[in-house]
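Numbering (my numbering), first residue to last: 35 to 118.
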Amino acid sequence: MPSTTLSSRSPISNRPSASTPKRSAGGSSGGPLVLLYSTDLDRSVEAVEHAGGQVVNGPYAFPGGRRFHFTDPSGNELGIWAEA
């Protein structure tokens with residue numbers, strides 16, 4: 035079966051297409067932030083970094099617990115939270 039390569043470039047102008055997420059100076063694409071739950075936040079930080087992710091915010095306290103944001107090796111931003 036032939037492989038298919040997807041591109042975020044417009045085939046007409048070779049410029050990013052309208053669907054390409056734009057990152058602001060703060061790193062957010064403006065899209066939804068997926069938050070995952072952890073029972074051990076500090077261990078989750080270690081696991082993310084070991085897997086090639088980069089912590090971009092936190093860990094920090096918020097009402098009800100602690101959380102941090104990270105980017106995966108593809109540049110997607112996610113978060114992990116734990117109860118206090």
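Backbone N, C-alpha and C fix where the C-beta goes; we use that ideal spot for every residue, glycine too.
DSSP three-state assignment for residue i, whether helix, strand or coil
i      : result
Ala116 : strand
Ala95  : strand
Leu67  : coil
Leu40  : Below a pLDDT of 50, predicted positions are generally treated as unreliable, and Leu40, at 42, falls in that range; the measurement from the model is reported next regardless. The answer is coil: DSSP assigns Leu40 none of H, G, I, E or B.
Option in the options with minimal Cα separation from residue i
i     : options                     : result
Val68 : Thr105, Glu117, Ala118      : Thr105
Val82 : Pro66, Gly98, Phe102        : Phe102
Gly64 : Asn110, Gly92, Asn91, Tyr71 : Asn110
Pro93 : Ala85, Asp76, Ser108        : Asp76
Opposing strand residues paired with residue i [DSSP bridges]
i      : result
Arg101 : Tyr94, Trp115
Proximal residues to residue i (C-beta, below 6 Å), its chain only, five neighbours per side dropped
i     : result
Asp74 : none
Gly99 : Trp115, Ala116, Glu117, Ala118
Ser78 : Ser72, Ile114
Gly87 : Phe104, Asp106
Leu70 : Ile114
Same chain only: Cβ atoms within 8 Å of residue i, ignoring 5 sequence neighbours per side
i     : result
Val89 : Val79, Val82, Glu83, Phe102, His103, Phe104
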